[in-house]
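**Student:** As given, the protein sequences belong to chains A and B, one line each in that order.
Its first residue numbered 1, the first sequence is counted upward by one per residue in this note's numbering.
Its first residue numbered 1001, the second sequence is counted upward by one per residue in this note's numbering.
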Amino acid sequence: MKTVRWLSGILFWVVRVCAYLYGITVLYAAYNLIFEPATLVLEDNNRFIINYPFTGRAFLLGWLDMAFLCEMFLGIGLYAIFFYLLSNVFKIFRDKPLFTAKGISHLTRFYFANLTVPVAVAILLSFISSELSIMFMIVVLHAILGIFAYFMTAIFKQGYLLQKDQELYI
Amino acid sequence: MPIIVNIDVMLAKRKMQSKELAEILDITQANLSILKTGKAKGIRFDTLAAICEALKCQPGDILVYEPGSIQGT
């Protein structure tokens, strides 16, 4: 269990940092497209380039097209939330005790988000985007992840009850 | 629960406080309270042995069977 705790501690921080980076990217992209600072370069063919701050190096490239912008913001923004929820799952395995009500709620949020959000986004984007095969793959992958998380939640609920019972054996 | 835990009676006989017994048993006062108030689901033999050693008594002195009873009433 010590190895699990150590590994989940590392994964918690790595994934949490990913979540923050994705979140910052969304905010930075939005800031550039709204306020058009010097880091935003607009090209003739409706393309935009967002550079890294204080540099001329390209960070994000895209088209000033509603479909593309929706996909970009939804994709990066929702993956920021996904990584945040995933980091909470790793946190469960890092902390003591293992089976807690808070841990169960983290798992519940994770499986619920994985089972519902990709489907909702795929339906929304199917009206404006043509990348249906990629969306379908993402929906399936997240559904598999959500199902595993659902099973883990059931195991944790049982474990929590057994742990509570065990605590009443003095 | 028809098993009644009479630790308070033995504590009074031995003029010992709950806090002192909890320290001897190396359990928290909260857990000792769970035992005394009948909320415990069970007691481990090593805990029972430690209680008997601390209070210089037999298990029968602290565990009483009263069919159809609920501890605390």
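No residue lacks a Cβ here, since even glycine has one placed at the ideal position from N, Cα and C.
None of these values were measured; they are calculated from a predicted model.
Measure the C-alpha to C-alpha separation of ASN32(A) and ILE50(A) and round it to an integer number of angstroms.
**Tutor:** Here the question's residue 32(A) lines up with position 32 in the first sequence. Here the question's residue 50(A) lines up with position 50 in the first sequence. Rounded to whole angstroms, the separation of the alpha carbons of ILE50(A) and ASN32(A) is 7 Å.
**Student:** Leaving aside the five residues before and after TYR52(A) along the sequence, list all residues of the same chain whose C-beta is less than 6 Å from its C-beta, in chain order.
**Tutor:** Working through the first sequence from its first residue, we reach residue 52(A) at position 52. These residues qualify, in order along the chain: PHE59.
**Student:** What do you get for ILE10(A), buried or exposed, if any count of 16 or more other CB atoms within 10 angstroms of its CB means buried?
**Tutor:** The count along the first sequence starts at 1 and reaches residue 10(A) at position 10. Result: exposed.
**Student:** To the nearest angstrom, how far is the alpha carbon of GLY159(A) from that of GLY1042(B)?
**Tutor:** Within the first sequence, numbered from 1, the residue matching residue 159(A) stands at position 159. Within the second sequence, numbered from 1, the residue matching residue 1042(B) stands at position 42. For GLY159(A) and GLY1042(B), the distance between alpha carbons rounds to 19 Å.
**Student:** Strictly under 8 Å for the Cβ-Cβ distance: is LEU1055(B) near chain A by that measure?
**Tutor:** Position 55 of the second sequence, counting from 1, holds the residue named residue 1055(B). Not closer than 8 Å to any Cβ of chain A, the Cβ of LEU1055(B) fails to qualify, so no.
**Student:** Let me make sure I understand the geometry here. Which of ALA19(A), LYS157(A) and ALA30(A) has the alpha-carbon closest to that of LEU98(A)?
**Tutor:** Here residue 98(A) refers to the residue found at position 98 of the first sequence. Ranking ALA19(A), LYS157(A) and ALA30(A) by Cα distance to LEU98(A) puts LYS157(A) first.
**Student:** In the DSSP assignment, find the alpha helix (DSSP H) that holds ASN32(A) and state where it starts and stops.
**Tutor:** Reading the first sequence from its first residue, position 32 is the one you call residue 32(A). 2-35 is the extent of the alpha helix (DSSP H) around ASN32(A).
**Student:** Determine, using beta-carbon pairs with one atom in the segment 80-90 of chain A and one in the segment 1-20 of chain A, whether at least three such pairs fall under 8 Å.
**Tutor:** yes
**Student:** Does any C-beta atom of chain A lie closer than 8 Å to the C-beta of LYS1019(B)?
**Tutor:** For this step, residue 1019(B) is matched to residue 19 along the second sequence. Not an interface residue.
**Student:** With three or more beta-carbon pairs closer than 8 Å as the criterion, would you say the segment 1008-1026 of chain B touches the segment 141-154 of chain A?
**Tutor:** no
**Student:** Based on Cα-Cα distance, which residue from LYS91(A), CYS70(A) and VAL89(A) lies nearest to SER126(A)?
**Tutor:** Here residue 126(A) is taken as the residue at index 126 of the first sequence, counted from 1. Closest by alpha carbon: CYS70(A).
**Student:** Is the beta carbon of ILE1062(B) sitting closer than 8 Å to the one on GLY1038(B)?
**Tutor:** Within the second sequence, numbered from 1, the residue matching residue 1062(B) stands at position 62. Within the second sequence, numbered from 1, the residue matching residue 1038(B) stands at position 38. Not a contact, by the Cβ cut-off of 8 Å.
**Student:** Mind checking who GLY62(A) pairs with in its DSSP beta bridge?
**Tutor:** In the first sequence, residue 62(A) corresponds to position 62, counting from 1. Answer by DSSP bridge pairing, in chain order: PHE48(A).
**Student:** Looking at the secondary structure, which residues open and close the alpha helix (DSSP H) in which ILE1034(B) lies?
**Tutor:** Position 34 of the second sequence holds residue 1034(B). Its alpha helix (DSSP H) spans residues 1029-1036.
**Student:** If we define contact as Cβ-Cβ less than 8 Å, is TYR169(A) a contact residue for chain B?
**Tutor:** Looking up residue 169(A) in the first sequence gives position 169. Closer than 8 Å to some Cβ of chain B, the Cβ of TYR169(A) qualifies, so yes.
**Student:** For ARG1044(B), return the contacting residues in chain A, with the cut-off set at a CB-CB distance below 9 Å.
**Tutor:** For the purposes of this step, residue 1044(B) is taken as residue 44 along the second sequence, with counting starting at 1. In chain order: TYR169 and ILE170.
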